[in-house]
Amino acid sequence: IDAGHGGKDVGSTYGGAREKDVTLAVALKVGQAIENMMPDVKVIYTRTEDEFIELYERAGIANRQNADLFISIHCNANKKTEVFGTETFSMGLHKSEGNLDVARRENSVILLEKDYQEKYEGFDPNSPEAHIYFSFLQSAYLEQSLKLAANVEKNFTSIKRSSRGVKQAGFMVLWKSKMPSILIETGFI
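Everything in the sequence shown is counted per our numbering, starting at 12 for the first residue and increasing by one.
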């Protein structure tokens, strides 16, 4: 379980709330719930405190542990404060400008990392063309990731949360993971 952002990367903010704090609290609660309901499942966290973890390292933690699933937790943002709801993403091509904007915002944290150009093989988070090859690298897990994303959104609606649906986008943490993976936008901050 990956609590998005952290440390010097606060993520989105609004009214004093910081994405890095919300995602950590949610990730820890989700992990605890999984451990309580499925004691045979080993939960691995990318972070359990307010620290900066580079994007490639987030997926790297899951890859080195041979994780069966990667779940990245985030809060969405929009200048229009009347926008609300959850979204769950799997790896894939951007289907809309909105999806591309979310991916750009989440991937832009690599600019805070030392030697990011070498680590990410020249990846430019602001280039739409750079995202195209993401979907090819994750295609082996796409069906499983989409099914999981659909189940997450179904569960959100079952507890009366407004779902904005399952979407696909080129998030760095999903691209680098070597297992089914999703990124959940738990709502707008």
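Glycine included, each C-beta is placed from N, C-alpha and C at the ideal position. What you are looking at is a predicted structure, and each value in this text was computed from that prediction instead of being measured.
Does residue i come out as helix, strand or coil in the three-state DSSP assignment?
i: A5; result: With the chain running from 12 to 200 in the structure shown, residue 5 is simply not present.
i: K171; result: coil
i: I82; result: strand
i: F182; result: coil
i: E154; result: helix
i: T34; result: helix
i: Q3; result: Residue 3 is absent from the structure shown; the chain starts at 12 and stops at 200.
i: I55; result: coil
i: K187; result: helix
i: M48; result: helix
i: E164; result: helix
i: N77; result: coil
i: I72; result: helix
i: I121; result: helix
Per DSSP, residue i is paired with what?
i: E98; result: E196
i: A14; result: I84
i: R29; result: T24
i: V177; result: T99
So, are the CB atoms of residue i and residue j less than 7 Å apart?
i: A38; j: I55; result: no
i: E62; j: G18; result: yes
i: M183; j: L66; result: yes
i: I193; j: S169; result: no
i: G71; j: R175; result: no
i: V177; j: T99; result: yes
By Cβ distance, which residues of its chain are closer than 7 Å to residue i, with the 5 residues on each side in sequence left out?
i: I45; result: V52 and V54
i: P191; result: L80, Y152, Q155, S156 and L159
i: R29; result: V21 and G22
Less than 8 Å between the CB atoms is what I'm expecting for residue i and residue j, so what's the real figure, rounded?
i: F199; j: N87; result: 5 Å
i: S101; j: L185; result: 7 Å
i: N89; j: K189; result: That pair is no contact at about 32 Å.
i: I16; j: E196; result: The sequence shown places His at residue 16, rather than the Ile named in the question. Incorrect: roughly 13 Å between the Cβ atoms, too far for contact.
i: Q179; j: G103; result: 3 Å
Are there any heavy atoms of the ligand NAD lying less than 6 Å away from the beta-carbon of residue i, as far as the coordinates show?
i: V52; result: In terms of ligand content, the structure shown is empty, and the ligand NAD therefore cannot be addressed.
For residue i, which residues of its own chain have a beta-carbon under 8 Å away from its beta-carbon, when the five flanking residues on both sides are left out?
i: L4; result: It is not possible to answer for residue 4, since the shown part of the chain is limited to 12 through 200.
i: E68; result: T57
i: T24; result: E30 and I200
i: V41; result: I12, I82 and I84
Excluding the 5 residues flanking residue i on each side, which residues of the same chain have their C-beta closer than 6 Å to its C-beta?
i: A160; result: T99, S101, V177 and I193
i: P50; result: none
i: R172; result: T97
i: K187; result: Y67 and A70
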